[in-house]
Amino acid sequence: MVVTYLSRKMLQHSFAGTVYHFQKVPPLSYRGRFGVYVHIPFCRSKCSFCPFYKEIYSEEACSGFMEAVVREIEECDVQGVAKWIYFGGGTPNTLPVHDIVRIKSAVGNKMTVEAVGIELLPALIQRNYLQELKANGFTKVSIGIESFGHHILQATGRTLTKNDHPQEMVAFARSIGLWVNVDLMVGLPAQSGATFLEDIRKAGVVRPDQITIYPFMVIRGLHTPAGIPSRRQFRLIEQAGELLAANGYERKNIWTFARGQDLYDS
Numbered sequence: 012m013v014v015t016y017l018s019r020k021m022l023q024h025s026f027a028g029t030v031y032h033f034q035k036v037p038p039l040s041y042r043g044r045f046g047v048y049v050h051i052p053f054c055r056s057k058c059s060f061c062p063f064y065k066e067i068y069s070e071e072a073c074s075g076f077m078e079a080v081v082r083e084i085e086e087c088d089v090q091g092v093a094k095w096i097y098f099g100g101g102t103p104n105t106l107p108v109h110d111i112v113r114i115k116s117a118v119g120n121k122m123t124v125e126a127v128g129i130e131l132l133p134a135l136i137q138r139n140y141l142q143e144l145k146a147n148g149f150t151k152v153s154i155g156i157e158s159f160g161h162h163i164l165q166a167t168g169r170t171l172t173k174n175d176h177p178q179e180m181v182a183f184a185r186s187i188g189l190w191v192n193v194d195l196m197v198g199l200p201a202q203s204g205a206t207f208l209e210d211i212r213k214a215g216v217v218r219p220d221q222i223t224i225y226p227f228m229v230i231r232g233l234h235t236p237a238g239i240p241s242r243r244q245f246r247l248i249e250q251a252g253e254l255l256a257a258n259g260y261e262r263k264n265i266w267t268f269a270r271g272q273d274l275y276d277s
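Taking the numbering used here as reference, the numbering of the sequence shown is continuous, increasing by one, and the terminal residue is 277.
What follows is the structure, encoded as structure tokens:
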């Protein structure tokens with residue numbers, strides 16, 4: 012019960028007051044060891060559960076973004092060792108691999124990089140996309156499945172909901188040497204405790220290296236009700252932990268479960 016209370020308070024504090032302001036980026040100067048997060052803001056649709064900055068994808072907006080972000084990287088003063096580069100979003104794989112690699116190369120020209128990860132929308136993943144990522148130095152992928160239920164995803168506003176080949180995606184990614192995390196959510200609109208636990212069972216069969224479970228958060232300005240009350244969401248995460256432990260997963264924190272010691276964690 013204490014974990015439930017503290018977790019809910021932490022999430023409310025983190026996101027309740029989020030406001031985006033656009034201003035000139037101040038001079039940047041970093042040394043030593045650090046991580047680099049690159050935000051790709053484009054999505055094919057806007058999901059009600061996502062609190063992060065996003066824009067509907069267009070070629071024109073993407074072209075302008077690419078020129079701006081590469082120039083910003085080239086102009087900043089960064090040296091040292093990046094423990095990781097992490098491409099998040101938004102939906103990073105709305106961009107072709109060569110654009111992602113262009114950004115990665117700009118960062119790599121400034122520093123030494125140890126590991127590179129990227130978030131992927133399942134419906135946009137193809138084998139050749141994964142192969143190109145691997146060939147260009149990516150080491151980890153995080154697949155945002157969220158739920159295996161098409162109707163559950165549609166209720167969030169996601170328009171691309173094809174999740175009929177997750178086992179193939181995960182197996183192929185791991186077969187070419189990529190480390191794989193799968194994101195799932197609890198409390199989505201139209202989701203019940205039973206459908207969430209069924210998602211957990213399916214994820215255990217798919218057997219990614221890591222499974223991360225995020226609770227549904229009510230985002231300011233979006234009036235989408237949670238499918239499951241917040242207190243029950245955390246109880247269900249506890250039940251999920253028991254199911255995943257039986258499949259060889261070890262709990263690493265409140266909502267991260269992994270096989271082995273490596274983590275996809277920025």
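C-beta: ideal position from N, C-alpha, C; glycine also. All values derive from a computational prediction rather than experimental measurement.
Worksheet entry | Spatially closest choice to Val152 from Glu261, Arg169, Leu132, Lys263, by CA coordinates | Against the sequence shown, residue 152 aligns to sequence position 141. Taking the Cα of Val152 as reference, the smallest distance to any Cα among Glu261, Arg169, Leu132, Lys263 is reached at Leu132.
Item to complete: Could you round the C-beta distance between Gly271 and Asp220 to whole angstroms and report it? I think they count as a contact, below 8 angstroms.
Response: Taking the sequence shown and counting its residues from 1, the one referred to as residue 271 is at position 260. Taking the sequence shown and counting its residues from 1, the one referred to as residue 220 is at position 209. That pair is a contact at about 7 angstroms.
Fill in: Separation of Gln165 from Gln137, as counted between CA atoms
Counting from 1 along the sequence shown, the entry for residue 137 is found at position 126. Counting from 1 along the sequence shown, the entry for residue 165 is found at position 154. Rounded to whole angstroms, Gln137 to Gln165 spans 21 angstroms at the Cα level.
Worksheet item: According to the Cβ coordinates, are Lys213 and Phe159 closer than 8 angstroms?
Response: As a working note, residue 213 is residue 202 in the sequence shown. As a working note, residue 159 is residue 148 in the sequence shown. In this structure, Lys213 sits near Phe159, with a CB-CB distance shorter than 8 angstroms.
Worksheet item: For Phe45, which residues does DSSP report across the bridge?
Response: Position 34 of the sequence shown, counting from 1, holds the residue named residue 45. Per DSSP, Ala93.
Worksheet item: Sorry if obvious, but does the Cβ on Ile111 come closer than 7 angstroms to a heavy atom of the ligand MN?
Response: Within the structure as shown, the ligand MN is missing, as the structure has no ligands at all.
Discussion item. Helix, strand or coil, according to DSSP, for Asn139 in the structure here?
Written reply: Numbered from 1 along the sequence shown, position 128 holds the residue referred to as residue 139. Helix.
Discussion item. Distance check for Gln250 and Tyr64, CA to CA, integer angstroms please.
Written reply: For the purposes of this step, residue 64 is taken as residue 53 along the sequence shown, with counting starting at 1. For the purposes of this step, residue 250 is taken as residue 239 along the sequence shown, with counting starting at 1. Between Tyr64 and Gln250, the C-alpha separation is close to 32 angstroms.
Worksheet entry | DSSP state of Arg262 mapped onto helix, strand, coil | Position 251 of the sequence shown holds residue 262. Arg262 falls in the strand class under three-state DSSP.
Worksheet item: So, Lys145 versus Gly188, is the Cβ gap smaller than 8 angstroms?
Response: Taking the first residue of the sequence shown as 1, we reach residue 145 at position 134. Taking the first residue of the sequence shown as 1, we reach residue 188 at position 177. In this structure, Gly188 lies closer than 8 angstroms to Lys145 by Cβ.
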